[in-house]
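Colleague: Here the protein sequences line up with chains A and B, keeping their order.
Start counting the first sequence at 1; every next residue gets the next number (the numbering used here).
Start counting the second sequence at 1; every next residue gets the next number (the numbering used here).
Even glycine gets a Cβ: it sits at the ideal position worked out from N, Cα and C.
Number of protein chains: 2
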Amino acid sequence: MTLPTPQPPATDADTRVRLLDAGGAVFAEHGFRAATVRDICSRAGVNGAAVHYHFRDKAGLYRAVIEHAFHAALDRYPPDLGLAAGASAEERLHAFVRSFLLRLLSDGVPAWLGKIMAREMIEPTDALEHIIAHSARPLFERLTAIVRELAGPDASVEHVMRASQSVVGQCLFYRHCREMIRRGWPESEPTVEGLDELARHITRFSLAGIRATRVGGRA
Amino acid sequence: MTLPTPQPPATDADTRVRLLDAGGAVFAEHGFRAATVRDICSRAGVNGAAVHYHFRDKAGLYRAVIEHAFHAALDRYPPDLGLAAGASAEERLHAFVRSFLLRLLSDGVPAWLGKIMAREMIEPTDALEHIIAHSARPLFERLTAIVRELAGPDASVEHVMRASQSVVGQCLFYRHCREMIRRGWPESEPTVEGLDELARHITRFSLAGIRATRVGGRA
DNA sequence: AAGCGCTTCAAACGATCGTTTGATGACGCT
DNA sequence: AGCGTCATCAAACGATCGTTTGAAGCGCTT
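1. Mark V17 of chain A as exposed unless 16 or more other C-beta atoms lie within 10 angstroms of its C-beta, in which case mark it buried.
2. Is the separation between the beta-carbon of L104 of chain B and that of Y53 of chain B shorter than 8 angstroms?
3. Please say whether C177 of chain B and L128 of chain A have beta carbons closer to each other than 8 angstroms?
4. So what's P138 of chain A in DSSP terms, helix, strand or just coil?
5. Against chain A, with Cβ distances strictly below 8 angstroms, would S206 of chain B count as a contact?
6. What does S188 of chain B reach in chain A if we use C-beta pairs closer than 9 angstroms?
7. DSSP on W112 of chain B, reduced to helix/strand/coil?
8. What would DSSP say about L83 of chain A, mapped onto helix, strand or coil?
9. What runs of the alpha helix (DSSP H), each 4 residues or longer, lie entirely inside the stretch 155 to 179 of chain B?
10. For chain B, check one thing: does any of its Cβ atoms lie closer than 8 angstroms to the Cβ of A136 of chain A?
11. Relative to the C-alpha of I220 of chain B, which residue among B:D126, B:E193, B:R211, B:V37 is closest?
12. What separation, rounded to the nearest whole angstrom, lies between the Cα atoms of S206 of chain B and S164 of chain A?
13. Would you kindly work out how many angstroms separate the C-alpha atoms of V167 of chain A and G48 of chain A, rounded to a whole number?
14. Within 8 angstroms of any Cβ in chain A, is that where the Cβ of T34 of chain B sits?
15. Give a yes or no on whether the minimum CB-CB distance between A64 of chain B and chain A is below 8 angstroms.
16. Any C-beta of chain B sitting closer than 8 angstroms to the C-beta of I116 of chain A?
17. Is it the case that the Cβ atoms of G169 of chain A and G169 of chain B are separated by a distance below 8 angstroms?
18. Relative to chain B, which residues along the stretch 89 to 103 of chain A have a C-beta separation below 7 angstroms, given in chain order?
19. Can you give the beta carbon distance from L113 of chain A to A95 of chain A, rounded, assuming they're within the 8 angstroms contact cut?
20. Please confirm if G169 of chain A has its CB atom under 8 angstroms from at least one CB of chain B.
21. Measuring only between beta-carbons, confirm whether H176 of chain A sits less than 8 angstroms from chain B.
22. Considering only their Cβ atoms, is the gap separating M121 of chain A from E179 of chain B smaller than 8 angstroms?
23. Using a Cβ-Cβ cutoff of less than 8 angstroms, which residues in the same chain neighbour P190 of chain A once the five nearest sequence positions on both sides are dropped?
24. Out of B:L150, B:A22, B:R200, state which residue places its alpha-carbon closest to the alpha-carbon of A89 of chain B.
25. With a threshold of 6 angstroms on Cβ separation, who are the neighbours of G24 of chain A within its own chain once the five nearest residues in sequence on each side are excluded?
26. Is the shortest distance between the beta-carbon of F27 of chain B and the beta-carbons of chain A less than 8 angstroms?
27. Any Cβ of chain A within less than 8 angstroms of the Cβ of L172 of chain B?
28. Give the range of the alpha helix (DSSP H) segment to which I66 of chain A is assigned.
29. Using a Cβ cut-off of 7 angstroms, which residues of the stretch 118 to 147 of chain B contact any Cβ in chain A, in chain order?
30. Mind checking which residues open and close the alpha helix (DSSP H) that includes T15 of chain A?
31. Is it buried or exposed, A208 of chain B, if we count other Cβ atoms within 10 angstroms and call 16 or more buried?
32. With F27 of chain A and Y62 of chain A assumed to form a contact (beta carbons below 8 angstroms), what rounded beta-carbon distance in angstroms separates them?
33. Could you confirm whether any beta carbon from chain B is found closer than 8 angstroms to the beta carbon of R211 of chain A?
34. Start and end of the alpha helix (DSSP H) containing S99 of chain A?
35. Given H201 of chain A, which residues of its chain have a CB within under 6 angstroms of its CB, disregarding the five upstream and five downstream residues?
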């Protein structure tokens, strides 16, 4: 599967967390099905039977990895994104977009969740229900509240819904199509330094779109 | 893998096209790796060795399926979407969005391409290079030409690029997140009847966003 | 009818994967 | 010291998959 990993030094770190770390990397890279227990255990430097012992089976490890990555992402980029108390709706939209992009595109542990969620959306497992209830739905409702305030009291729930989905779609594009952008349009792949510029674009683009739906607009 | 398909009647249809049809459905449903040759051949009602005989191996069948679906999609929704000759940029944007959504969300043969491309973007195979060169790049350049006209001569290439990506992202959202929408927000899953309304929303939203970037706007 | 490609077939091979087994220490308690 | 529990280990089991094999069926030309 993966190249012969030089067997990380068998430190005295707990086998459980070693499996969670290695599992997150391998599941994010290959997906649930293509990932092999042997590869994960090899990277973790533990015996193949450890998965059965600690997590019952491969699916149990997968669920635990998602829980692990989920909490790690929330610890790193908490829902209250260091936003001022009385921030305007525009500022809150920008903070939402920026933190969303950070969770989606940054390296490290949270990137596991972004990759795994992208896979879950195309090839769902039982874990998707949990992801929706504990991650996607609260986040999306936070966004719809902002959009509703920007769209004004006359906006229908359908318009608020579609506008919010437009915001999410613009952000997810850079995660879901990352490999295609890298191959076909490498000059426009967002870097860590260019992430703020990208967040500003999406915020500005979306603000205009949201306000256009407020009065009905043409087209 | 899949339920015991009642072995389609062994008509005298060519084994090749039977394999292409069954392969398209199975690859789109399970992905390249998870799809099994036995499943495909069972659905096609042909012998397991037919894949080796007609397409050399599983990867050869996969490439042929993509070619097949690609041509089928272009036949059904050709690049010139029945648009009037002197159509305005706004009308051309609407036609682009609508035909894009049709290719992404409609049932039938073209749906294979949408699902397979969604998988390719997350877990690329060698076929992705071909998809980019023959499908994604020409389509995207058609879009950037429209956006450039709408954004005006003062818009930078970066603005045109990002705005075009915003349009594509809004459309792809409903393909990539279809399973999540179906589970978490079933009331907003676009139907065939609601597709025109969705296309109008994305067009109106994007027109405002494109024009907002024309003068710089605030963030 | 005989011979010859082209295509299809059942059956098996070799490899890989998830999982299980039974033994082996490591450590704490009586 | 003796015992039991927890954790780990190498090795193998059973299942599945992609691929291969060699023969048989079919249509066509001569």
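Modeller: Concretely, from the data shown:
1. Answer is exposed; the Cβ neighbour count stays below 16.
2. One thing to note: L104 of chain B has its Cβ no nearer than 8 angstroms to the Cβ of Y53 of chain B.
3. Going by C-beta atoms, L128 of chain A is not nearer than 8 angstroms to C177 of chain B.
4. When DSSP states are grouped into helix, strand and coil, P138 of chain A belongs to the helix group.
5. Cβ-Cβ to chain A under 8 angstroms: yes for S206 of chain B.
6. In chain order: E158, M161, R162, Q165.
7. DSSP places W112 of chain B in helix when its eight states are reduced to three.
8. If DSSP states are grouped into helix, strand and coil, L83 of chain A belongs with coil.
9. Those alpha helix (DSSP H) runs which fall completely within the stretch 155 to 179 of chain B and span 4+ residues are 157 to 176.
10. At least one chain B Cβ lies under 8 angstroms of A136 of chain A.
11. Only positions 1 to 219 of chain B appear in this structure, which leaves residue 220 of chain B out of reach.
12. If I take the Cα positions, the gap works out to 13 angstroms.
13. Approximately 43 angstroms, taken between the alpha carbons.
14. For the sequence presented, residue 34 of chain B should be read as Ala rather than Thr. Yes - at least one Cβ of chain A is within 8 angstroms of the one on A34 of chain B.
15. No, because no Cβ of chain A sits closer than 8 angstroms to the Cβ of A64 of chain B.
16. False, the Cβ-Cβ gap to chain B never drops below 8 angstroms.
17. With respect to G169 of chain B, G169 of chain A sits close: the two C-beta atoms are nearer than 8 angstroms.
18. Listed in sequence order: H94.
19. Cβ-Cβ separation between L113 of chain A and A95 of chain A: approximately 19 angstroms, too far for a contact (criterion under 8 angstroms).
20. Taking Cβ atoms only, chain B reaches closer than 8 angstroms to G169 of chain A, which makes this a yes.
21. Yes, H176 of chain A lies at the interface with chain B (some Cβ there is under 8 angstroms from its Cβ).
22. Taking 8 angstroms as the Cβ cut-off, E179 of chain B and M121 of chain A qualify as a contacting pair.
23. Cβ neighbours of P190 of chain A beyond the five flanking positions: L101, L105, Y174, L198.
24. Selected option, being the one with the closest Cα: B:L150.
25. Sequence-distant partners of G24 of chain A (beyond 5 residues in either direction) whose C-beta falls short of 6 angstroms from its own C-beta, in its chain, are V65, A69, W112.
26. No, its Cβ sits nowhere closer than 8 angstroms to a Cβ of chain A.
27. It does; some Cβ of chain A falls within 8 angstroms.
28. Element bounds for I66 of chain A: 58 to 76.
29. For the stretch 118 to 147 of chain B, residues whose beta-carbon sits nearer than 7 angstroms to a beta-carbon of chain A comprise A118, R119, M121, I122, E123, P124, L128, E129, I132, A136, R137.
30. Looking at the DSSP string, the run of the alpha helix (DSSP H) that includes T15 of chain A is 15 to 34.
31. Buried, by the Cβ-count rule.
32. Approximately 6 angstroms separates the beta-carbon atoms of F27 of chain A and Y62 of chain A; this is inside 8 angstroms, confirming the contact.
33. Chain B contact via Cβ: present.
34. In the DSSP assignment, S99 of chain A falls within the unbroken alpha helix (DSSP H) covering 89 to 105.
35. There are no such residues.
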